[in-house]
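Since the structure comes first, as structure tokens, the remarks are kept for the end.
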DNA sequence: ACGCAACTTGCATGTCGTGCAATCATGTAA
DNA sequence: TTACATGATTGCACGACATGCAAGTTGCGT
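Chains as they are written, first to last, in the working numbering: chain G, 1 to 204; chain L, 205 to 408.
This is the structure we're talking about:
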């Protein structure tokens with residue numbers, strides 16, 4: 001049992017979360033130690049003290065358990081952006097939207113560097129992570145289209161902006177890791193966003 | 205396109221290529237008809253007239269057989285870009301590099317719309333496709349860094365540019381499909397590249 | 001015709017992922 | 001406290017996936 005449950009008694013929800021954490025911890029641990037493909041689900045489950053079957057009650061696959069649990073820009077914030085003040089710059093608003101989300105990364109807490117290390121070792125995980133992150137890309141794109149106009153060209157523009165958000169987040173996080181997790185992730189992501197800003201200046 | 209040999213019009217090479225095409229065609233056909241997850245490798249192989257085992261001699265998985273066979277930007281071209289003329293604009297060169305690659309999509313010929321339809325139906329395929337395409341992202345990034353300078357900020361900038369290339373290709377191809385495959389893919393990709401150009405103007 | 005090399009195939013094996021039903025634990029109501 | 005209801009855990013069965021290996025089969029060149 002790699003993860004521990006200081007208070008196994010109070011509440012079902014707590015227990016479930018503890019199990020989830022234990023499974024993720026075991027996946028991370030063993031994955032870093034021997035490489036994810038060389039680790040079987042059976043081992044992970046055993047390390048977390050549950051049955052193999054239970055693992056699949058929590059995650060659809062090994063890889064799923066190895067992904068960061070971040071993001072989800074709140075739908076309300078996105079809606080607000082869509083209807084957003086015409087006075088403000090759209091890209092600036094997007095920057096703020098995602099930068100705020102970066103602050104929530106704390107969820108995975110001190111394990112974050114190890115997750116990043118595992119992702120560096122198995123690039124497929126990066127793409128899985130990105131795919132999960134990008135579920136919101138479509139929503140972001142339509143929010144942008146709603147705000148900036150959805151003529152044919154506007155659609156392309158909205159998609160490019162949404163895609164650029166993904167790029168900025170990805171590059172920002174990557175370099176946050178490469179520089180040894182200096183300061184908040186937010187700063188690195190904002191820097192990446194800033195580089196793309198000239199492409200999205202508002203026109204009259 | 206460098207010195208290739210489309211020569212062996214007869215012989216084993218031809219047979220292998222035919223088998224490969226048959227397997228891809230069967231995957232596409234059955235996947236569109238019933239959804240890719242509902243089709244087993246066994247069925248695909250049978251439809252193509254080979255054994256299940258043989259399928260795995262050609263592709264590592266069902267999904268692999270459902271991906272477009274786009275070629276990579278030739279390493280030589282990339283090296284040329286890295287050493288590229290300082291007079292030219294880097295982003296313009298990248299645009300040309302990737303746009304030329306788009307012309308090679310013709311490989312999958314008239315089936316392309318059906319591939320895109322399948323990818324639209326199973327978004328995971330889009331990410332797999334992107335992941336394959338983006339194997340070169342790292343190489344592209346270092347080529348850019350080599351050309352523009354690899355100080356810390358330059359590194360981030362290079363990664364952002366490389367990521368933006370991916371975004372532009374992705375959005376371009378997507379809208380090419382959405383508009384009914386009007387004209388060459390190249391035009392749509394170039395349009396997406398153009399939108400990002402202002403972010404990458406050369407500075408003095 | 002012969003032999004070599006490459007391609008195909010069947011078989012065995014291990015892992016993955018899911019549906020199902022029995023069991024166990026926990027929080028709640030009597 | 002006891003009984004019950006809800007829901008989590010687990011074993012079992014099953015089919016699909018993916019790969020290694022060794023035996024066949026086919027075509028190519030000499």
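Glycine included, every Cβ here is placed at the ideal spot set by N, Cα and C.
query, result
"Neighbour list for residue 331 of chain L in chain G, Cβ cutoff strictly below 9 Å", "127, 128, 130, 131, 134"
"Local conformation of residue 401 of chain L per DSSP, three classes", "helix"
"Residue 122 of chain G to residue 36 of chain G span [Cα, whole Å]", "8 Å"
"Own chain partners of residue 157 of chain G with C-beta closer than 6 Å, once the 5 adjacent residues on each side are dropped", "none"
"Contact the stretch 266–273 of chain L vs the stretch 324–343 of chain L: 3+ CB pairs below 8 Å", "yes"
"Where residue 192 of chain G sits in the DSSP three-state scheme", "helix"
"Closest residue to residue 179 of chain G among L/248, L/375, L/364, L/359 (Cα-Cα distance)", "L/359"
"Residue 265 of chain L, enclosing alpha helix (DSSP H) - first and last residue", "Where residue 265 of chain L is concerned, there is no enclosing alpha helix (DSSP H), given that its DSSP letter is neither H nor E."
"Distance CB(residue 400 of chain L)-CB(residue 366 of chain L) smaller than 8 Å", "no"
"Delimiting residues of the alpha helix (DSSP H) encompassing residue 44 of chain G", "41–48"
"Residue 354 of chain L in three-state terms, based on DSSP", "coil"
"Amino acids of chain G, ordered along the chain, whose beta-carbon sits closer than 7 Å to that of residue 396 of chain L", "156, 160"
"Rounded Cβ spacing between residue 143 of chain G and residue 82 of chain G (contact assumed at less than 8 Å)", "4 Å"
"Min CB distance residue 196 of chain G to chain L below 8 Å", "yes"
"Host alpha helix (DSSP H) of residue 102 of chain G (start-end)", "90–103"
"Contact with chain L by residue 63 of chain G, beta-carbon distance below 8 Å", "no"
"Rounded straight-line distance, which links the Cα of residue 363 of chain L to that of residue 171 of chain G", "6 Å"
"Interfacial residues, the stretch 32–61 of chain G to chain L, with Cβ spacing under 9 Å", "none"
"Proximity winner among G/98, G/29, G/187, relative to residue 118 of chain G (alpha-carbon distances)", "G/29"
"Host alpha helix (DSSP H) of residue 281 of chain L (start-end)", "279–286"
"Buried or exposed by the 16-neighbour rule on C-beta atoms within 10 Å, applied to residue 244 of chain L", "exposed"
"Within 8 Å, strictly: CB atoms of residue 259 of chain L and residue 236 of chain L", "no"
"Chain L within 8 Å of residue 202 of chain G, Cβ atoms only", "no"
"Test: residue 164 of chain G CB closer than 8 Å to a CB of chain L", "yes"
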